[in-house]
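There are 2 protein chains.
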Amino acid sequence: MYHQKYMREAIKEAELGLSEGGVPIGSVLVLEGKIIGRGRNQRVQKHSVILHAEMDAIENAGQRTPEEYQRSIMYTTLSACQMCSGTIVYLGIRTVVMAENENARGAEEFLKEHNVELINLDLSEMKELLRSNR
Amino acid sequence: MYHQKYMREAIKEAELGLSEGGVPIGSVLVLEGKIIGRGRNQRVQKHSVILHAEMDAIENAGQRTPEEYQRSIMYTTLSACQMCSGTIVYLGIRTVVMAENENARGAEEFLKEHNVELINLDLSEMKELLRSNR
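In order, the protein sequence lines correspond to chains A and B. Letter by letter, the first sequence follows residues 1429 to 1562 in the numbering used here. Letter by letter, the second sequence follows residues 1429 to 1562 in the numbering used here.
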């Protein structure tokens, strides 16, 4: 239930992205129960290459200490790609909660090898939302 | 000599960053002899977490095809960290030329494991520039 609450916020970001004409993938970065960064895929809206939802949330969270990253949880509606996973490992984020990994399976083995805990909520609604809008 | 020419442009970006009060690390992304993206570390200037020089150059290059990334060379004045290296692998960039790796050694083994060619020009001037201004 704890994870569902924050994933709901990541889903709101995905839905907001869709309403902007973008790819519906959203993320939030949560530090000890507080959302410190919200983000959504900005490929369409900002013509961005690097602003996947996770990167957007991390950037919007601002500069944080290593200890803050270590205590943070990344919520994302889609399994994190190699770019986002590299960033997660680089910053020292230790837990990633995804809504699903059927539309794309990211660098999950890489994350596990770097001792990042992965939790897949396996949400049908997000599989369908992205499948229908990509 | 070929690589030196483009590294010179990455060094110009690093020097530009320094003149702005930033961390002197620069990059250029080169596609078949043409610079398609220039970048520099934006930690100070834009208070950015994710805009390392390589990420800035990639973003400034705009959206490119997989084939364009595969034919591109990333020049960077410092060995690429795990975030930038994850991005390089994600996009399919196959060659990275660095000026040095003594101020920080990035995810070089990771890049090699993903068949990215690494070339270290081992430039004393860049070791000194970053060492004196970080």
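Note that beta-carbon positions come from the ideal geometry of N, C-alpha and C, so glycine has one too.
With distances taken from CA atoms, which of the options is nearest residue i?
| i | options | result |
| --- | --- | --- |
| B:E1487 | B:G1467, B:G1520, B:S1447, B:E1496 | B:G1467 |
| B:R1499 | B:V1524, B:P1452, B:L1549 | B:V1524 |
| B:G1490 | A:H1431, A:T1493, A:L1479 | A:L1479 |
| B:E1443 | B:S1513, B:E1495, B:A1481 | B:A1481 |
| A:K1540 | A:E1530, A:A1532, A:S1513, A:M1554 | A:S1513 |
| B:E1460 | B:I1501, B:E1441, B:H1475, B:L1446 | B:I1501 |
| A:V1544 | A:D1550, A:L1551, A:Y1497, A:N1531 | A:Y1497 |
| A:M1511 | B:M1483, B:V1456, B:H1475 | B:M1483 |
| A:E1537 | A:N1531, A:K1555, A:A1508 | A:A1508 |
| B:T1504 | B:T1493, B:H1475, B:N1531 | B:N1531 |
| A:V1451 | A:I1464, A:L1457, A:H1475, A:G1465 | A:H1475 |
| B:T1515 | A:K1462, A:M1554, A:V1477 | A:V1477 |
The ligand MN and residue i: does the residue's C-beta get closer than 8 Å to at least one heavy atom of that ligand?
| i | result |
| --- | --- |
| B:I1516 | Within the structure as shown, the ligand MN is missing, as the structure has no ligands at all. |
Exposed or buried, what is residue i when buried is set at 16 or more other beta-carbons lying within 10 Å of its beta-carbon?
| i | result |
| --- | --- |
| A:Y1565 | No statement about residue 1565 of chain A is possible, as the shown extent of chain A runs from 1429 to 1562 and does not include it. |
| A:Y1518 | buried |
| B:S1560 | exposed |
| A:V1472 | exposed |
| B:Q1432 | exposed |
| B:G1449 | exposed |
| B:I1547 | exposed |
| B:R1436 | exposed |
| A:T1572 | Absent from the structure is residue 1572 of chain A, since the part of chain A shown begins at 1429 and ends at 1562. |
Between residue i and chain A, is any beta-carbon pair separated by less than 9 Å?
| i | result |
| --- | --- |
| B:I1501 | no |
| B:A1489 | yes |
| B:S1513 | yes |
| B:M1483 | yes |
| B:S1507 | no |
| B:A1438 | no |
| B:S1476 | yes |
| B:V1517 | yes |
| B:R1471 | yes |
Say whether chain B places a C-beta atom closer than 9 Å to the C-beta of residue i.
| i | result |
| --- | --- |
| A:S1552 | no |
| A:L1446 | no |
| A:L1557 | no |
| A:I1547 | no |
| A:V1544 | no |
| A:I1521 | no |
| A:A1535 | yes |
| A:R1492 | yes |
| A:I1486 | yes |
Determine the DSSP secondary structure at residue i, reduced to helix, strand or coil.
| i | result |
| --- | --- |
| A:G1467 | strand |
| B:N1488 | helix |
| A:T1505 | coil |
| B:I1478 | coil |
| A:M1526 | strand |
| A:E1448 | coil |
| B:S1560 | coil |
Which whole-angstrom value is the C-beta distance of residue i and residue j, which I expect to be below 8 Å?
| i | j | result |
| --- | --- | --- |
| B:M1526 | B:L1506 | 7 Å |
| B:A1485 | B:L1446 | Going by Cβ atoms, the distance from B:A1485 to B:L1446 rounds to 17 Å, so no, they are not a contact pair. |
Is any beta-carbon of chain D found at less than 9 Å from that of residue i?
| i | result |
| --- | --- |
| A:Q1510 | Annotation note: the requested chain D is absent from the structure, which comprises protein chains A and B. |
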